[in-house]
Amino acid sequence: MLALWLFLVWVAAFGSVAPNVVVSGVIVAFGIAYTFRRFAPRWPRAITHPVAAWRFVVYFIGQMAVSTWDVILALRLRPDQIRPAVLEVPLRSLTRSEVTLLMNSLSFTPGTVALELHDHHLYVHVLDARDPASTVRGITTMESKIIEAFGGDPASAQAGGHR
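Mind the numbering: the sequence shown is residues -14 to 148 in the numbering used here, read in order.
If you want it as structure tokens, here you go:
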């Protein structure tokens, strides 16, 4: 998969499917994939429910659009009207892969940054904390979709240790 992805990036970067670009792309892509085969991530293989993974992707794209719009609106406010805060979000029992995906997803979403994971609680900086309970529910919803994508049952997951 890495070689295929690198090849597509190579062809897109050159913007051509000329024979020399294709041949050099195959050589470079497979060379890099072979060289770094020991560093291949484990988590994509752990996604056992592709439909649930797709639902997460669609949800995440929607959150990106909504959050981008919220940030645009916040930029129009006076500084004293913006309510940034650090919120504590209790996490349920998740694997390291799920925690990593959640933290990255939150950090990629405009207006939020995952700061720290400590004692099964995630600390998230948010740009607008006028309704902190709603923000925490949104993060919990994202967490549930990630748990489902990895084959877990969010309803039975409880706060606790990371596997």
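Ideal placement from N, C-alpha and C gives every residue a C-beta, glycine not left out.
Sub-8 angstroms separation of residue 12 and residue -9 beta-carbons: no
message: DSSP three-state label for residue 125, please.
response: helix
query: In chain order, what residues of the same chain lie with their CB nearer than 8 angstroms to the CB of residue 23, ignoring the 5 residues before and after it?
result: none
field: Nearest residue (CA-CA) to residue 75, options 9, -14, 134, 102
entry: 102
query: Whole-angstrom Cβ separation of residue 96 and residue 55, contact assumed at under 8 angstroms?
result: 6 angstroms
- request: Pick out whichever of 39, 139, 116, 88 has its Cα sitting closest to the Cα of residue 106.
  value: 88
message: Rounded to the nearest angstrom, what separates residue 70 and residue 138 at their Cα positions?
response: 30 angstroms
Cα-Cα separation, residue 21 to residue 5: 24 angstroms
task: Give the secondary structure of residue 68 by DSSP, where H, G and I count as helix, E and B as strand, and everything else as coil.
output: coil
- prompt: What is the DSSP secondary structure of residue 107, counted as helix, strand or coil?
  reply: strand
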